[in-house]
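Novice: Offset between the sequence shown (1-based) and this note's numbering: plus 59.
Shown below is the structure under consideration.
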Amino acid sequence: MDLKVISEIAAKEMKTKASHPFKEPGNKFYHGQRTAEIVKQLCNIIGYKENPEILTVAAWFHDICNGEEDHEKKGADKTVLLLQNLCSESELSDIHRIIRIHDDRTKIDLKTDEMIHQDADLLDHFGSFEVWNYFQYALKEKMSMTEAAYLLLDDSKFSASDHIHFEISKRIYKEKRAFVKSFAWRMLKESKGELCSL
Numbered sequence: 060m061d062l063k064v065i066s067e068i069a070a071k072e073m074k075t076k077a078s079h080p081f082k083e084p085g086n087k088f089y090h091g092q093r094t095a096e097i098v099k100q101l102c103n104i105i106g107y108k109e110n111p112e113i114l115t116v117a118a119w120f121h122d123i124c125n126g127e128e129d130h131e132k133k134g135a136d137k138t139v140l141l142l143q144n145l146c147s148e149s150e151l152s153d154i155h156r157i158i159r160i161h162d163d164r165t166k167i168d169l170k171t172d173e174m175i176h177q178d179a180d181l182l183d184h185f186g187s188f189e190v191w192n193y194f195q196y197a198l199k200e201k202m203s204m205t206e207a208a209y210l211l212l213d214d215s216k217f218s219a220s221d222h223i224h225f226e227i228s229k230r231i232y233k234e235k236r237a238f239v240k241s242f243a244w245r246m247l248k249e250s251k252g253e254l255c256s257l
């Protein structure tokens with residue numbers, strides 16, 4: 060499997076596209092790159108050594124059809140078509156399987172590689188990225204700084220804690236959410252003119 064050629068295909072397919080009108084061009088390309096890096100780190104931490112290239116490629120392409128209905132299936136199918144001459148049938152089957160299942164949080168008999176990918180995908184959506192994402196949304200919705208701070212503090216939105224598989228992933232998620240909460244509380248105070256350093 061030639062990862063350099065495959066990464067060029069991922070860039071060609073996704074680097075100039077935005078999955079939603081208020082997102083930056085290439086948002087899902089960059090998300091895929093970050094997810095692949097998180098996958099590598101989780102594999103090292105938990106000692107998973109099987110199929111590192113398959114996990115990398117699945118991470119790069121998993122949201123290629125994001126923004127479309129049933130994006131998991133469409134993305135899995137499209138990835139197989141794009142890579143059919145670059146991967147073996149077995150590799151394509153595994154890549155398809157991981158992409159196809161990446162947003163299914165109801166399945167209980169997941170394979171280890173599927174759980175690693177799901178955790179990495181979710182973890183990238185929190186922390187600094189969460190702040191970046193909500194700022195884009197707040198600007199689109201013409202929210203004030205105070206309203207945006209409250210948006211970041213809102214715990215009624217989707218919580219990943221019940222959908223994360225590994226203990227290390229749960230600890231990382233908690234740390235990322237603690238950072239966002241701390242940032243949002245300061246943002247809320249400063250949006251009202253409070254000097255937080257006093």
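Each residue gets a CB set at the ideal place from its N, CA and C atoms; glycine is no exception.
Measure how close the beta-carbons of L101 and S218 come, nearest whole angstrom, since I'm counting them as under 8 Å.
Specialist: The Cβ separation is near 20 Å, so there is no contact.
Novice: Decide if the stretch 229-242 is in contact with the stretch 195-206; the criterion is three or more beta carbon pairs, one per stretch, under 8 Å apart.
Specialist: Output reads no: the stretch 195-206 does not touch the stretch 229-242.
Novice: Round the Cβ separation of A118 and G91 to the nearest angstrom and send it over; I've been treating them as touching at under 8 Å.
Specialist: The pair is a contact, with the Cβ atoms about 6 Å apart (cut-off 8 Å).
Novice: Return the chain-ordered list of same chain residues with a C-beta closer than 7 Å to the C-beta of I223, the five sequence neighbours on each side being excluded.
Specialist: The residues are D178, L181, K229, Y232.
Novice: Excluding the 5 residues preceding and the 5 following T75 in the sequence, name in chain order all residues of the same chain whose CB lies nearer than 8 Å to its CB.
Specialist: Hits under 8 Å: P84, G85.
Novice: Cα-Cα, which of M73, P111, P80, D61 is closest to K199?
Specialist: The option with the nearest alpha carbon to K199 is P80.
Novice: Which residue from L211, H176, T165 puts its Cα closest to that of S187?
Specialist: It is L211 whose Cα lies nearest to the Cα of S187.
Novice: Report the rounded CA-to-CA distance for F120 versus K82, giving the unit in angstroms.
Specialist: About 18 Å.
Novice: Leaving aside the five residues before and after L151 along the sequence, list all residues of the same chain whose C-beta is less than 6 Å from its C-beta, in chain order.
Specialist: Contacts found: V139.
Novice: Return the first residue and the last residue of the alpha helix (DSSP H) that N103 is part of.
Specialist: 86-105 is the span of the alpha helix (DSSP H), which, as asked, contains N103.
Novice: Grab the span of the alpha helix (DSSP H) containing A117 for me, first residue to last.
Specialist: Its alpha helix (DSSP H) spans residues 111-120.
Novice: Going by the beta-carbon positions, is the gap between I65 and L142 smaller than 8 Å?
Specialist: In contact: I65 and L142 (Cβ atoms closer than 8 Å).
Novice: Among the candidates I154, V190, A197, D221, whose CA atom is the shortest distance from the CA of V239?
Specialist: V239 has its Cα closest to that of V190, out of I154, V190, A197, D221.
Novice: So, for I105: in the same chain, excluding its five sequence neighbours on each side, which residues have a beta-carbon less than 8 Å away from its beta-carbon?
Specialist: Cβ neighbours of I105 beyond the five flanking positions: I175, F225, I227.
Novice: Do I158 and E131 come within 8 Å of each other at the CB atom, strictly closer than that value?
Specialist: Taking 8 Å as the Cβ cut-off, E131 and I158 qualify as a contacting pair.
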